[in-house]
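Below is one structure, written out as structure tokens; comments come after it.
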Amino acid sequence: MAITGCNDKTEKNITNKDDSQTVLKIEVSHNENAREIKVQAKENDTNQSKSYYYDYNIKSEYDSNAQPANENAGVRTKPRTAIDANMNVRSPYEKIQISLLVNKLSKNFIVKCSACHNDYANGIIGPSLLTKDSDYIINKIAQFKNGEKNNVLMSDLIKMMSQEEIKALADEIYEFNKQIKEMRKEK
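Numbered according to my numbering, the sequence shown spans residues 1326 to 1512.
Pasting the structure below:
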């Protein structure tokens, strides 16, 4: 205990000998049989799962001994693959042919054009390409390439593409458009 104050007296340190801790002794014994099992094996309690949680005397409709809803495992359906999932699409657009959704335009179109024209050439920022033929698309792209029309996104993208690549994309869009026209006629 320390006493301090505003005067010139020196501090008094008082310690009690009773407060000090005693050193504990560690007992070491000789192990006569090192291979002997010295830990008791845990007993397997079959009722452990039933007694583990406290039920608070609240009874529910769930019976832990009830039979499963489907006892016949043969009736269960296997999980769907990606193809199964696409074949069983249910949406407000159900009348759209699922084959067009599955066989959408190429990765080249998606990488270069879908940001503005969407994955199905329907137009988001840029115009829809659905009713256009390949010659129309090539002519419009040529106008951006020679500077007749100006669009920063189109101009920069077209500069990096060869004429063969542009023609291949235009033909692909036109073939996709033909499929959509036929689908619309069937309705």
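Just so you know, even glycine gets a beta-carbon here, dropped at the ideal spot from N, CA and C. What you are looking at is a predicted structure, and each value in this text was computed from that prediction instead of being measured.
Contacts around residue i, its chain only, beta-carbon distance under 8 Å, and the 5 residues preceding and following it disregarded
| i | result |
| --- | --- |
| Gly1399 | At Gly1399 the pLDDT is 48, less than 50, meaning the model places this residue with poor confidence and gives no usable figure here. |
| Lys1492 | Ser1459 and Ile1463 |
| Ala1446 | Leu1430, Phe1434, Cys1438, Ser1453, Leu1454, Leu1455, Ile1498, Phe1501 and Asn1502 |
| Lys1474 | Lys1465 and Gln1468 |
Exposed unless 16 or more other CB atoms sit within 10 angstroms - verdict on residue i
| i | result |
| --- | --- |
| His1442 | buried |
| Leu1494 | buried |
| Lys1510 | exposed |
Nearest neighbour of residue i, chosen from the options [CA to CA]
| i | options | result |
| --- | --- | --- |
| Ser1459 | Ser1487, Lys1503 and Val1477 | Lys1503 |
| Lys1506 | Asp1481, Ser1487 and Lys1457 | Lys1457 |
| Ile1450 | His1355, Tyr1461 and Asn1476 | Asn1476 |
Close beta carbons around residue i, own chain, < 7 Å, minus the five adjacent residues each side
| i | result |
| --- | --- |
| Asp1444 | Lys1429, Leu1430 and Ile1435 |
| Leu1478 | Cys1441 |
| Asp1496 | Ser1459 |
| Leu1482 | Lys1437 |
| Glu1489 | none |
Cβ shell of residue i (< 6 Å), same chain only, five flanking positions each side left out
| i | result |
| --- | --- |
| Ser1480 | Phe1469 |
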